[in-house]
Amino acid sequence: MRQRWSRILLSIAAAIVLALSLTGVGIEVASSRLEGNITAVDISATTGREHTPLQVVDDEGNYQAINVLLMGSDSREGQTSKQYGDPDIYTGERSDTTILLHLSADRSFATAVSIPRDTWVMLPECEVDGETVGAFEAKFNTAFEIGGPGCTVKLVEQMTGVKVDNFAVIDFEGFKNVVNALGGVEVCLTEPASDPSSDLELPAGTSVVNGEQALSFVRARKTLSDGSDLSRIKRQQAFLSSMIREASSTGLLLNPVKLYSTLDAATSGLTTDPGLADIDVLRELALSVRGMAPGDITFLTMPWVERGDGENVLVDEAGAAPLWQSINDDIPWIKPKKSSPSPKPEATKLAVQPDEVTVRILNGSGVAGRAAEVAAALEAQGFTVAEIGDADRNDYAATEIRHDAASAEAARTVLAALPGATTVADDMATTITIVLGTAYAGVESVVVDVNTPKPETSSEREADQITAPTTADKVRCD
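Residue 439 in this note's numbering sits at position 109 of the sequence shown, and the numbers go up by one each step.
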């Protein structure tokens, strides 16, 4: 009976090693070759923590929860194609993609959290070749550039409070080779994709991409979607989900030649800690996840907020804390639902403070000086009065508060200050306009509940959408 295997990002190699051993291919010869493909790097000097062998099973025979930091290196060394950036200009390596992967102790679920490369952070101090680097503010991926995987591991532990047990880095060539060995990976787009810098041209709908196209697809940024790194993360998660489904459903396990080719490709571009570089440990790890299906793997993006510079983001500490805690507690991540306050029976709570509202006041009551009187009363509460004057006539009965659609919430705050007034939708009223009528009954104090959330902005809605989790069995069109 065909087994269902987990192909979790770079750990795809481990699952295929196990499958290889079960299909009767010369595993001893293969293991020696594959283990030689992997580059092992000891980062204990950088992290300040001694390396300990990976223990998949404890002394009592129970699986252990494991946290692996997965990194895609944007090193251009050895690249001749200019679409990835000139290797003479981009001489350093940076973590183009970083994912914190948690495997549960009971192997019933995995959580994969993408960390935006443009997250603005305080880099930790890292020892590299006998020198201390870091301890300054920069983008997240600067840690990899100045201190490699060790400094990145240290930074992630500092940011999350989660202990990273192991790490794996795959480079451009390794990524392309895995895609080609699988025979291509299917992607789905809601609109055509065109990236002239990499010659990427894909139609709307589904397409099967080869390694070269796949690398362009997951790396393209400015020419696709909204051009942000956060949208690129969403696209990368969709691609990895598709790769997992491809490896789980195409008969890979029943094709020894294709199986070995995929494994050879995956390990050739792989750099890991000494624990993951041990092929026997990889086989044991693969055995432990053999029952995990694509639907058991959840992808999500670290909660973030805008930094305000139009380029970088910050960790949403309050939003991220429950996520990191769920990893430390070894429980599945369930995104908390946004709480919405219960409105008072008599009215919905106000959401805009008076000092955030600007108004014009026109006197239509026929009472001289009324506009100046109301202006003074409103300004005492924090409202900004941009203009006072006379209305087109002086016999208005009710006081009107005219506003466009974008000012609806602010108009409600003005209404609270003018009892008996009515709001009037007016697309021409780009500044809220108060037309005073004969029924004017004075100005009342306005109290806005500080705990009432403001209307969600477009960037907040976008962040919420990008951060939303999805599982690897879902087909996503981006």
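No residue lacks a Cβ here, since even glycine has one placed at the ideal position from N, Cα and C. If you're wondering where the values come from, they're calculated on a predicted model, not measured in any experiment.
- Buried or exposed by the 16-neighbour rule on C-beta atoms within 10 Å, applied to V687: Buried, since its Cβ has 16 or more Cβ neighbours within 10 Å.
- Item | DSSP bridge partner residues for L364 (one or two, in chain order) | Looking at the DSSP output, L364 shares a beta bridge with no other residue.
- Item | Cβ neighbour criterion (16 or more within 10 Å) applied to K506 | Residue environment: K506 is assigned as buried (16 or more neighbouring CB atoms within 10 Å of its CB, all protein chains considered).
- Counterpart residues of S732 in DSSP-defined beta bridges: Position check: residue 732 holds Arg in this sequence, whereas Ser was assumed. Answer is V754 and T763, bridged to R732.
- Continuous alpha helix (DSSP H) assignments of at least 4 residues falling wholly in the stretch 636 to 724: The stretch 636 to 724 contains these whole alpha helix (DSSP H) runs: 647 to 658 and 700 to 710.
- Could you tell me which residues DSSP puts in a beta bridge with V463? According to DSSP, which records beta bridges pairwise, V463 is partnered with C456.
- Query: If we count the other Cβ atoms within 10 Å of its Cβ and call it buried at 16 or more, is E774 buried or exposed?
  - Reply: E774 sits exposed, since fewer than 16 C-beta atoms from the chains shown fall within 10 Å of its C-beta.
- Item | Proximal residues to V548 (C-beta, below 6 angstroms), its chain only, five neighbours per side dropped | Close CB contacts of V548 within its chain, under the 6 angstroms cut and outside five residues either way in sequence, are with Q566 and F569 (chain order).
- Going by C-alpha distance, which of A498, G478, A616 and K564 is nearest D459? Cα-wise, what sits closest to D459 is G478.
- Message: Just to confirm the assignment: which complete alpha helix (DSSP H) runs, minimum length 4, are found wholly within the stretch 539 to 624?
- Response: For the alpha helix (DSSP H) assignment, the uninterrupted runs of no fewer than 4 residues enclosed by the stretch 539 to 624 are, from N- to C-terminal side, 541 to 549, 559 to 579, 586 to 598 and 609 to 618.
- With contact counted as at least three CB pairs below 8 angstroms, one residue from each stretch, are the stretch 717 to 735 and the stretch 689 to 696 in contact? Yes, the stretch 717 to 735 is in contact with the stretch 689 to 696.
- Message: When you compare the stretch 446 to 457 with the stretch 609 to 629, are there three or more beta-carbon pairs, one atom per stretch, that lie closer than 8 angstroms?
- Response: As far as the Cβ criterion goes, the stretch 446 to 457 does not touch the stretch 609 to 629, which means the pair count is below three.
- Looking at V492 and I373, is the spacing between their C-beta atoms short of 8 angstroms? No. Outside cutoff.
- Who does E516 pair with in a DSSP beta bridge? Under DSSP, E516 forms a beta bridge with V538.
- Query: Taking DSSP as the reference, what is the three-state secondary structure of T768?
  - Reply: Looking at T768 - three-state DSSP - the assignment turns out to be coil, as it is neither helix nor strand.
- Might you give, ordered along the chain, the residues of its own chain that have their beta carbon closer than 7 angstroms to the beta carbon of R723, omitting 5 neighbours on each side? Within the same chain, R723 has close Cβ partners G694.
- Query: Under the DSSP definition of a beta bridge, which residues are partnered with H432?
  - Reply: Bridge partners of H432: N397 and T441.
- Quick one: is A595 buried, meaning 16 or more other Cβ sit within 10 Å of its Cβ, or exposed? Buried is the call here.
- Note down, in chain order, each residue of its chain lying with its Cβ closer than 6 angstroms to the Cβ of P783, except the 5 sequence neighbours on either side. Confidence in P783 is poor, its pLDDT being 49 and thus under 50, which makes the residue's placement too unreliable to answer from.
- Message: Can you find the residues in the same chain that come closer than 7 angstroms, C-beta to C-beta, to N540, ignoring five residues on each side of it along the sequence?
- Response: Excluding residues up to 5 positions away in sequence, V509, N510 and G514 lie with their Cβ nearer than 7 angstroms to the Cβ of N540 in the same chain.
- Task: Could you tell me whether the stretch 378 to 389 touches the stretch 599 to 619, where touching means 3 or more Cβ pairs closer than 8 angstroms?
- Result: Remark: three or more beta-carbon pairs, one from each stretch, lie closer than 8 angstroms, so the stretch 378 to 389 and the stretch 599 to 619 are flagged as touching.
- Query: Alpha carbon to alpha carbon, what distance is there between V776 and G712?
  - Reply: One Cα belongs to G712, the other to V776, and the distance between them is close to 10 angstroms.
- Query: Identify the residues that DSSP records as bridge partners of A468: which are they?
  - Reply: In the DSSP output, where bridge partners are listed per residue, A468 has V451.
- beta strand (DSSP E) containing L530: first to last residue? Run containing L530: L530 to L532, per the beta strand (DSSP E) assignment.
- Rounded straight-line distance, which links the Cα of R613 to that of D436: The alpha-carbon of D436 is positioned some 17 angstroms away from that of R613.
- Task: Label Q543 either buried or exposed according to how many other C-beta atoms from any shown protein chain fall within 10 Å of its C-beta, with 16 as the threshold for buried.
- Result: Per the 10 Å Cβ criterion, buried.
- Could you pull the start and end residues of the alpha helix (DSSP H) that A740 belongs to? Annotation: the continuous alpha helix (DSSP H) that includes A740 extends over A738 to A747.
- Item | Whether R447 touches D559 by CB criterion (8 angstroms) | Cβ atoms of R447 and D559: closer than 8 angstroms.
- Task: Mind reading off the beta-carbon distance from I762 to A747? Whole number of angstroms is fine, and I expect it under 8 angstroms.
- Result: Not confirmed; about 11 angstroms, so no contact.
- Which residues share a DSSP beta bridge with T800? According to DSSP, which records beta bridges pairwise, T800 is partnered with F629.
- Message: Rounding to the nearest angstrom, what Cα-Cα distance links F470 and A375 in this structure?
- Response: Approximately 21 angstroms between the Cα atoms of the pair.
- Pick out whichever of P533, Q488 and V494 has its Cα sitting closest to the Cα of L431. Comparing Cα-Cα distances from L431 to each of P533, Q488 and V494, the minimum goes to V494.
- Nearest CA to the CA of Y393: which residue from I429, L615 and V499? When I429, L615 and V499 are compared, the shortest CA-CA separation from Y393 is found for L615.
- Message: By the three-class DSSP mapping on this structure, what secondary structure does S527 have?
- Response: If DSSP states are grouped into helix, strand and coil, S527 belongs with the helices.
- Item | Counterpart residues of I500 in DSSP-defined beta bridges | G402 and L600, per the DSSP bridge assignment.
- Message: Starting from A375, trace the alpha helix (DSSP H) in both directions and tell me its first and last residue.
- Response: Looking at the DSSP string, the run of the alpha helix (DSSP H) that includes A375 is S374 to T377.
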